[in-house]
Each structure stands twice: as C-alpha cells, then as structure tokens.
Amino acid sequence: MFSSDTPILWWGTRAPRTAGAHRVLLWPVLMHGALTAWSSSSDRELDLFQEVVLRLMNAGVVETGELAARTRINPRLVAMIVDDLAEQGYNRADGTLTEFGKATLDELSAAPTQPRLVRVFQELRTGEVWPRVTLELPYADVRWRSDGATLRLGTPGRPDDRDAIVHWPDAASPRPPVPSVSSIRDALIGHRRAERRAGRDVASLGRAKMVTAHLVRDEPKEVLIASLVYGSGSRRADGGFWDVADAFGLSGSMRLLRSEVAVAAERSDALRQALDELVDSTGAEDFDAELAREELVSEANIDRDAVGQEVFELLVQMRAAVDRAAEAPKGEAARREAVELVERALGAAHAELVARHAAPEALVDLLGHPLADGEYLDAVARRLGFGALPAALARVGAGRVRAVSEGGGSLRSQIAFALLQAVEDVSHPYRQAASEGGDLIATLDRVASCADNARRRWGAAPSQADLVELSEFATVCVRDLLATRVCRA
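Read in order, the letters of the sequence shown are residues 3 to 491 in this note's numbering.
Set out below in structure tokens:
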C-alpha cells in the first residue's frame with residue numbers, strides 16, 4: 003500500500019527552457035522486474051536475411067525458388083543474396099557451404115548473451131506500461147510534512163530542497179494485470195526512440211539487442227516517480243496550459259503521464275488547484291519563444307494536441323531560432339543552428355507519423371544491397387506518385403530504415419520508412435501529398451542536406467530567405483502530416 007514509506011525515484015528531470023513556474027510531482031506506479039537476455043549479435047557481418055538464407059542453404063535448401071518460397075522474398079533478390087554470399091566466400095556455386103560459411107554459422111549460434119534485470123513501470127488505473135525502462139534505481143530522499151513532502155536533492159553543503167505535489171492512488175482500486183512480455187519490448191523500443199530523439203546515444207542500455215524477456219514472478223513494487231509539472235509561463239489569450247516533463251529527462255513532455263495526471267485532476271480538487279496555480283503563474287520566459295508559440299496557434303493553425311507537445315515545442319524553438327538568426331551579429335552560425343532545428347522538428351514529426359501507422363511488410367524486401375534497395379525505394383516513391391527519389395535518399399541503408407521501427411534512424415531513414423508504410427496504407431498522409439502534386443520528398447531531402455552541411459560546417463549556411471522558406475515548409479508539413487491532411491511542398 004502506498005504510504006510515506008514508499009521509495010521515490012528521481013532521474014534529475016528538468017522543465018523545458020521556455021516553461022514558467024514548475025513543481026516536483028510524485029506519481030504512483032507499479033515497478034516490475036524482468037530478467038532479460040541481450041545479444042551482441044548486432045555487430046555480425048551478416049544481416050538478418052543473409053543469415054536466414056545461409057542457414058537454409060546449410061540445411062540443404064539450395065534452389066532459388068524454394069529459398070524464395072520459404073523466406074517470402076522475391077526470387078530475383080534471393081538470387082542476389084546467394085551471389086553476394088558466394089562472392090564473400092560463404093558458399094560454393096552448387097549452394098553448399100564452404101568451411102568459412104559453416105564456421106560463421108557456428109560463431110553466430112554461439113553469440114554470447116548478457117543477462118540484465120530491467121525494470122518497467124505500470125500505470126495503476128489503466129495497466130499501461132510506460133515507454134521507459136531502467137537498469138539503475140536512483141532513489142531520492144524525502145522529508146514528509148503534514149501538508150505534503152519536500153524532495154531533498156542536494157548535498158549538506160549545497161542543499162536543493164523542492165516542495166512536491168503528491169498524488170495518492172485510491173486504495174480500493176483493483177490492481178492491473180501483470181504486463182506481457184511484448185509490453186516490455188514495447189517499453190524498450192519507446193525508451194530508445196526517446197533517447198534518439200533527445201540526441202543521445204543509447205549508452206545506458208548499450209547497442210546489444212534484447213532477445214528474451216521473462217517477468218520476475220515477485221509481487222510488483224510500489225514506487226513514487228518524481229517528475230516536474232509546469233505551466234506555460236505567461237498570461238496567454240488561450241488561458242495557458244500545463245504539462246508534465248518526462249521523468250527520465252528525455253523530453254519536455256510525456257504524453258502518457260500527462261493524460262493520467264489530467265484524469266486524476268478531474269477527481270482531485272487539490273491536484274486541480276495546484277495545476278491551475280502553475281498555469282496562472284507568470285514566469286520568466288523567452289520572448290521569442292512565446293511569440294513563436296502564439297503564432298503557431300493563431301496564424302499557422304497548429305493544434306498542439308494533434309501534433310503532440312514535444313513536436314509543438316520543437317516548432318517553437320525552430321521559429322524562435324529563425325527569428326533570432328535574422329538579427330544575430332554572427333548570422334551564419336545562428337542560421338546553421340536554426341536549420342538543424344528545422345530538421346529536428348521534421349524528424350520528431352516523422353517519428354510520431356510512423357508510430358501512428360503499422361510497420362510495413364515491405365521491410366523484408368530491403369536486403370542491404372545499396373543498388374537494389376535504392377531502385378526499390380525509387381519504385382515505391384514513383385508508385386505513390388512522387389518524382390524520382392533524391393540520390394541521398396536512395397542510398398539510405400536497409401539497417402537504418404529498419405531501425406526506425408525501434409525509434410532510431412535519421413530524417414532520411416524515416417522518410418524511406420514512411421514511403422514503405424504509405425504504399426501499403428491508403429490512409430497515409432504521404433498518399434494525399436503525392437496526389438496533390440508538389441515536391442514533398444525532394445524538399446524533405448533538401449532540409450536533411452542543409453542540416454548535414456550545417457553539422458559538418460560544409461559550405462555556406464543557408465541564407466535567411468532559404469531558412470524562412472524551410473521553416474515555413476516544416477510548420478505546414480508537421481501540421482498536415484499529423485492532422486492527416488495534405489502536406490504541400
């Protein structure tokens with residue numbers, strides 16, 4: 003039962019730079035342990051399809067038609083895989099494996115696995131599992147008072163005490179069912195997606211892949227997770243808003259937690275009053291960001307709920323950066339920074355877009371052969387009604403495209419993934435964009451090229467006029483992609 007003895011976890015989350023007043027929020031969840039095995043096989047020389055074909059050949063399946071039937075891969079592409087394997091010395095012309103090929107399969111079979119105890123967190127009301135996992139448990143100290151709690155985050159020499167809003171669950175509510183193994187995998191995918199969006203490598207989890215997961219059959223542990231709830235920071239025509247930062251510090255907003263807090267506020271006068279006070283509080287906020295926020299709502303007709311708080315705030319940062327670049331003494335550096343934000347906003351929007359549609363079955367047709375994969379993606383784009391695929395997009399590796407399903411990949415990888423989704427999903431916004439003409443894919447690729455050049459300091463920064471054009475494109479594109487309307491280039 004949740005009480006003042008319940009342990010508190012704190013990952014050092016921060017409110018967004020543009021936030022106003024904020025307070026620590028202690029939120030009750032159930033923590034489950036899962037014993038997982040992780041394989042370092044991501045460093046193998048063979049990709050998944052090459053390995054499958056090689057194993058079938060080792061089992062005596064050497065005829066191209068039968069290999070294609072068993073793998074459900076186009077026979078022409080199967081033949082290319084077999085030829086490629088032969089060129090690398092894995093098999094002979096008759097389909098039998100060389101000693102090198104057999105030794106490689108033995109090594110793959112013996113790939114070491116590393117056991118890890120992973121923790122996942124489950125909402126009490128809905129049973130939904132947070133899209134976050136952790137290997138470490140950063141416990142925080144707390145001092146309880148009759149009217150609340152104070153989180154003690156500092157040291158004796160540098161105290162950092164913060165008053166907290168505490169939400170206690172209804173003790174009479176039934177406990178949700180135990181999470182499934184698939185929900186643990188989904189939590190891992192969500193966590194890695196969030197880390198990549200935040201620009202972090204997944205060092206805390208490593209690059210290995212989780213291959214098995216088994217829930218520890220002990221009773222789940224009750225914990226209070228500490229996050230920050232914050233207000234919009236100034237008095238606004240629309241009345242302002244409140245939001246909840248990602249407890250793991252990976253983004254300025256966490257949709258699942260915000261939804262649960264909103265439901266709880268409808269039933270708790272104390273919580274609702276605390277949120278109202280944050281909305282009404284006027285904090286020190288960057289003027290450019292506040293102006294950009296107002297323009298997005300009133301002029302660009304951006305629906306914050308439709309695009310998501312994270313994407314919305316990236317648009318705010320992007321537009322504010324473009325405005326600052328126009329007046330910056332060192333305009334070139336400011337324009338480079340701004341165009342990178344254009345790409346980040348479009349990348350976050352595409353991450354949300356691909357998450358709203360099913361993973362494409364056509365992923366299996368990407369074989370890791372640059373020429374064949376490029377021709378295939380170009381054919382997909384043309385079939386949808388777009389023009390020829392830009393050369394840089396056609397060179398996106400199959401592994402990078404597949405990584406999008408786990409939250410990875412660059413903007414170009416996300417575009418390729420979305421193209422594969424669109425060819426199978428008649429409701430996909432890319433289809434509508436293609437039917438209306440324009441140059442969506444080419445303009446997205448142009449943004450990626452400008453951002454690449456900015457990061458590497460290649461050539462001149464985009465002009466202010468080009469920067470304004472690209473930011474306006476990004477604003478309209480984000481709105482339309484996530485509102486399932488047409489994104490016109």
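For glycine and all other residues, C-beta sits at the position ideal for the given N, C-alpha and C.
1) Who are the Cβ neighbours of Asp427 in its own chain at under 6 Å, not counting the five residues just before and after it?
2) Taking 8 Å as the threshold, find out whether the segment 375–390 comes into contact with the segment 342–358 through three or more Cβ pairs.
3) Put Pro372 into one of helix, strand or coil per three-state DSSP.
4) Based on the DSSP output, what are the partners of Asn93 in its beta bridges?
5) Using the C-alpha atoms, what's the distance from Ala264 back to Asp441?
6) Taking all protein chains shown into account, decide if Asp162 is buried (16 or more other Cβ within 10 angstroms of its Cβ) or exposed.
7) Have a look at Ala485 and Ala308 and give me their C-alpha separation to the nearest angstrom.
8) Give the DSSP bridge partners of His34, in chain order.
9) What does the alpha-carbon distance come out to for the pair Ile443 and Ala390?
10) Quick one: Cα of Phe4 to Cα of Pro372, how far?
11) Reducing DSSP to helix, strand and coil, say where Pro431 ends up.
12) Please report the Cβ distance between Trp12 and Leu126, rounded to the nearest whole angstrom; I am assuming they are in contact, meaning their Cβ atoms lie under 8 Å.
13) Could you name the residues that DSSP lists as bridge partners for Trp12?
14) Out of curiosity, what's the CA-to-CA distance linking Met82 and Phe419?
15) Rounded to whole angstroms, what is the Cα-Cα separation between Gln52 and Gln116?
16) Return the CA-CA distance between Trp170 and Pro30, expressed in angstroms with no decimal places.
17) For Pro179 and Pro133, what's the separation of their Cα atoms in angstroms?
18) Between the C-alpha atoms of Gly439 and Leu421, what's the straight-line distance to the nearest angstrom?
19) The ligand GTP heavy atoms versus the CB of Val366: any closer than 8 Å?
20) Measure the alpha-carbon distance for Val120 versus Ala189 and round it to whole angstroms.
21) State whether the segment 83–101 contacts the segment 140–150, with contact taken as three or more CB pairs (one from each stretch) at a distance under 8 Å.
22) Find the nearest neighbour of Asp85 within the set Arg72, Thr66, Thr73, Ile167, judged by alpha-carbon distance.
23) Sort out for me which residues DSSP pairs Asp143 with in a bridge.
24) Given Gly14, which residues of its chain have a CB within under 7 Å of its CB, disregarding the five upstream and five downstream residues?
25) Gly370 and Ala400 look like a contact to me (Cβ under 8 Å); what is the Cβ gap, rounded to whole Å?
A quick look at the data gives this:
1) His359
2) no
3) Reduced to three states, the DSSP call for Pro372 is helix.
4) Leu99
5) 40 Å
6) exposed
7) 6 Å
8) Val122
9) 9 Å
10) If I take the Cα positions, the gap works out to 55 Å.
11) helix
12) Wrong, their Cβ atoms sit about 20 Å apart, outside the cutoff.
13) Beta-bridge pairing links Trp12 to Ala228.
14) 22 Å
15) 24 Å
16) 7 Å
17) 17 Å
18) When the Cα atoms are used, Gly439 and Leu421 turn out to be separated by approximately 15 Å.
19) Among the ligands in the structure shown, none appear at all, so the ligand GTP cannot be discussed.
20) 10 Å
21) no
22) Minimum Cα-Cα distance from Asp85 among the listed residues Arg72, Thr66, Thr73, Ile167 corresponds to Thr66.
23) Arg154
24) Gly251
25) 5 Å
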